[in-house]
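**Q** Sharing a structure, written as structure tokens. Questions coming.
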Ligand SMILES: [Zn+2]
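Written out as structure tokens, the structure is:
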């Protein structure tokens, strides 16, 4: 990567030199700040950054510059998600329950069991209700010794100002397409052309890019999603295509969860010093149980998250169309579909394209609420009808 070698813990953070510098310096301190707020758009790696920081803080090497060595027991177990003193909190619900936060705070009163710090990472801190936030605020205001809180949210504005003002901010940015592609080539040994396609198509989302580059099925499913607007010809198609979108995202959610869960399990067994097919001895089984519990919680969310990802893909597609209509000369997210999108752009107006981007945003909002997916998606599909059909129906809302 760069000339200044970074400890392995940070290697996943493509294009985040400033944050890596800030965090690796903090990890060498005797008493780092006890509350941190990681912000950045989805895919920028805010929870990965928090985990990397936790790894560096717990790392057992004596040379502070090497913290986050990636080799010691602490590094391996933090990475595998089974370190006894690093608790990662993610919710499968739309908001955290206040009891979940209370439980976390009572755990925070304990001393570290083996590590130097007791670390709590709260993913999606923006999903805390005001009541839950106030409970957490007390814990952050009067921190137990050796406890470090790490909160993650899309932007500082998503967290109540009372919390925000007590946390040290760590801002992550969207990495460049090229730095994501480089990471896939350097770290995963992937083909440069495929890596570049994946980095672009994922809009610099590292995890998604890796998945696209490595999995032919994932690429095909993404293609199916972005082709939907190009296929719709009549009102009657909207229902069928909405159904197809739900099915393809369910398939993708299942497949990506299987791959990810298997990789995490393999990583955990490695961290425990076990071979792939070795039987897990009873005294280590609680590690496996803990991992499986967190995977179950995540699986529940993954259909929603995958559908949300499809919405981002559709937004990217219409942004491409708009770029072609306005002749901005920008590089397209779907560069490989340039010809198809060119003819689509020709048959539509920029106003309609903007309306379609809005319709995707509306569907996305409704999907996060309690609207049944098919209903939200059918309404969105109607806005994808070709202009020539929409033109025939004056007064109809797009
Ligand atoms: Zn280490």
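Residue numbers (full-length UniProt numbering): 1 to 398. Quick reminder that beta carbons are idealized off the backbone N, C-alpha and C, glycines included. These figures come from a predicted structure and were not determined experimentally.
Nearer than 7 Å: is that true of the beta carbon of residue 61 relative to any heavy atom of ligand 1?
**A** For the purposes of this step, residue 61 is taken as the residue at position 61 of the chain shown. Residue 61 Cβ: within cutoff of ligand 1.
**Q** Does residue 328 come out as helix, strand or coil in the three-state DSSP assignment?
**A** In the chain shown, counting from the first residue as 1, residue 328 sits at position 328. Coil at residue 328, not helix or strand.
**Q** Determine the contact status of residue 151 and residue 132, defining contact as a CB-CB distance below 8 Å.
**A** In the chain shown, counting from the first residue as 1, residue 151 sits at position 151. In the chain shown, counting from the first residue as 1, residue 132 sits at position 132. Their beta carbons are not under 8 Å apart, which means residue 151 does not touch residue 132 by this criterion.
**Q** Rounding to the nearest angstrom, what Cα-Cα distance links residue 14 and residue 211 in this structure?
**A** Your numbering for residue 14 matches position 14 in the chain shown. Your numbering for residue 211 matches position 211 in the chain shown. Rounded to the nearest angstrom, the two C-alpha atoms are 16 Å apart.
**Q** Taking 7 Å as the cut-off, is the CB of residue 115 close to at least one heavy atom of ligand 1?
**A** Numbered from 1 along the chain shown, position 115 holds the residue referred to as residue 115. Incorrect: residue 115 has no Cβ contact closer than 7 Å to ligand 1.
**Q** If you reduce the DSSP assignment to three classes, tell me which class residue 1 lands in.
**A** Taking the chain shown and counting its residues from 1, the one referred to as residue 1 is at position 1. At residue 1 the pLDDT is 39, less than 50, meaning the model places this residue with poor confidence; the figure from the coordinates comes in the next sentence. Coil at residue 1, not helix or strand.
**Q** Which of the three DSSP states is assigned to residue 163 in this structure?
**A** Counted from its first residue, the chain shown places residue 163 at position 163. Correct three-state label for residue 163: helix.
**Q** Between the C-alpha atoms of residue 33 and residue 168, what's the straight-line distance to the nearest angstrom?
**A** Mapped onto the chain shown, residue 33 falls at position 33. Mapped onto the chain shown, residue 168 falls at position 168. Distance between the alpha carbons of residue 33 and residue 168 is about 7 Å.
**Q** For a minimum of 4 consecutive residues, which ranges assigned as the alpha helix (DSSP H) are wholly contained in the segment 349-382?
**A** Here the runs fully enclosed are 350-368.
**Q** With a threshold of 7 Å (Cβ to nearest heavy atom), would residue 203 be considered close to ligand 1?
**A** One-based indexing of the chain shown puts residue 203 at position 203. Result no, Cβ not under 7 Å from ligand 1.
**Q** If we ignore side chains and look at the alpha-carbon of each, how far apart do residue 18 and residue 373 end up?
**A** The residue labelled residue 18 in the question sits at position 18 within the chain shown. The residue labelled residue 373 in the question sits at position 373 within the chain shown. Distance between the alpha carbons of residue 18 and residue 373 is about 39 Å.
**Q** Per the DSSP calculation, residue 168 is bridged to which residue(s)?
**A** The residue given as residue 168 occupies position 168 in the chain shown. Partner(s): 36.
**Q** Is it the case that the segment 90-106 contacts the segment 48-68, given that we only count it when at least three CB pairs across the two stretches are under 8 Å?
**A** Not touching, per the Cβ criterion.
**Q** CA-CA distance, residue 312 and residue 321?
**A** Within the chain shown, numbered from 1, the residue matching residue 312 stands at position 312. Within the chain shown, numbered from 1, the residue matching residue 321 stands at position 321. Cα-Cα distance, rounded: 14 Å.
**Q** Along the alpha helix (DSSP H) that carries residue 460, what are the first and last residues, could you check?
**A** No answer is possible for residue 460: it lies beyond the span of the chain, which begins at 1 and ends at 398.
**Q** Going along the chain, which residues of its own chain have a beta-carbon closer than 7 Å to the beta-carbon of residue 9, five neighbours each way excluded?
**A** The residue labelled residue 9 in the question sits at position 9 within the chain shown. Around residue 9: 52, 55, 56, 68, 70 and 75.
**Q** By how many angstroms is the C-alpha of residue 121 removed from the C-alpha of residue 340?
**A** As a working note, residue 340 is residue 340 in the chain shown. As a working note, residue 121 is residue 121 in the chain shown. One C-alpha to the other measures close to 44 Å.
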